[in-house]
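Colleague:
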Amino acid sequence: MTDPQDEPTALPEVRVGHVDREIAARQLQLAVEEGRLDLLELDRRLVTVYSARTTDELVAVTADLPAAATAREPIELSVGSGTRKKGGQWIVPAEITAECTSGTIVIDFSQAFCPHREVVLHASVGSGGLKLIVPRGWMVDVDRVRAKSGDVRSKVTGPVRPGAPLLRVDGRVGSGALLARYPRRPRRSFVAWLLNKPRPA
3 MTDPQDEPTA
13 LPEVRVGHVD
23 REIAARQLQL
33 AVEEGRLDLL
43 ELDRRLVTVY
53 SARTTDELVA
63 VTADLPAAAT
73 AREPIELSVG
83 SGTRKKGGQW
93 IVPAEITAEC
103 TSGTIVIDFS
113 QAFCPHREVV
123 LHASVGSGGL
133 KLIVPRGWMV
143 DVDRVRAKSG
153 DVRSKVTGPV
163 RPGAPLLRVD
173 GRVGSGALLA
183 RYPRRPRRSF
193 VAWLLNKPRP
203 A
């Protein structure tokens, strides 16, 4: 006869927050863009996502999608004297390597899906430039980047959204520059300026 005290104790359910739901919803939207889900299935799953209270409920909604596996694979970006850009809608892995000699690399996270709480970026910059563009609410740590005669700056100083990713950057900069910033605000068009221009009395 089994002693009830010997039976394993069930682990408590982990509650989810707004950021967890946003990550799951973004994963579903990417699945639609890749042709893995149709719009009807997207609507059905989004209802479950936004009503989910525990991680188990979110996992069940995205368990048959490959984004989690894809996001585990590190990516490497390198350029000589040209320019390379990584942006748009993409899945952010937990580790990124960026190497540029005299060229420029731009990594834009503003529309990316990031399922990780922390992303490590290994930077190697010669006389070129590395630009990191992150959404508002993210955190960026560049304190571990060694600079010889170049410039390392982070303009990411706004309020941090609870649960948002931390982009931790390490590596070196020679005579080039590394800059982390938010996306630029869209400029007001000339027509919009005319519409909002005060009329003469």
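Plus 2 on top of the position in the sequence shown (first one is 1) and you've got my numbering.
Cβ coordinates follow ideal geometry from the N, Cα and C atoms, glycine included.
Here the structure is a predicted model, which is why all the values come from computation and not from measurement.
1. What separation, rounded to the nearest whole angstrom, lies between the Cα atoms of A114 and E36?
2. According to DSSP, D110 sits in a beta bridge with which residue or residues?
3. Check whether the stretch 54-67 touches the stretch 21-30, counting contact only when three or more Cβ pairs, one atom from each stretch, lie closer than 8 Å.
4. Can you give the beta carbon distance from K150 to S177, rounded, assuming they're within the 8 Å contact cut?
5. Within its chain, find whatever has a CB closer than 8 Å to the CB of R86; leave out the 5 residues flanking it on each side and keep chain order.
6. Specify the secondary structure class of R183 as computed by DSSP and reduced to three states.
7. Would you call G130 buried or exposed, if buried means 16 or more other Cβ atoms sit within 10 Å of its Cβ?
8. Beta carbon of V175, beta carbon of G160: below 8 Å?
9. Would a C-beta distance cut-off of 8 Å place I98 and V121 closer than the cut-off?
Modeller: Reading it off the structure:
1. Computed Cα separation, rounded: 15 Å.
2. I135.
3. Proximity of the stretch 54-67 to the stretch 21-30 meets the contact definition, three or more beta-carbon pairs being nearer than 8 Å.
4. Going by Cβ atoms, the distance from K150 to S177 rounds to 7 Å, so yes, they are a contact pair.
5. Excluding residues within five positions, the ones whose Cβ falls inside 8 Å are L79, S80, C102, G105, T106, I107 and V108.
6. Shown here, R183 sits in a strand according to DSSP, grouped into three states.
7. Classified as buried, G130 has 16 or more neighbouring CB atoms from the shown chains inside 10 Å of its CB.
8. Going by C-beta atoms, V175 is not nearer than 8 Å to G160.
9. With contacts defined as CB atoms closer than 8 Å, I98 and V121 qualify as a contacting pair.
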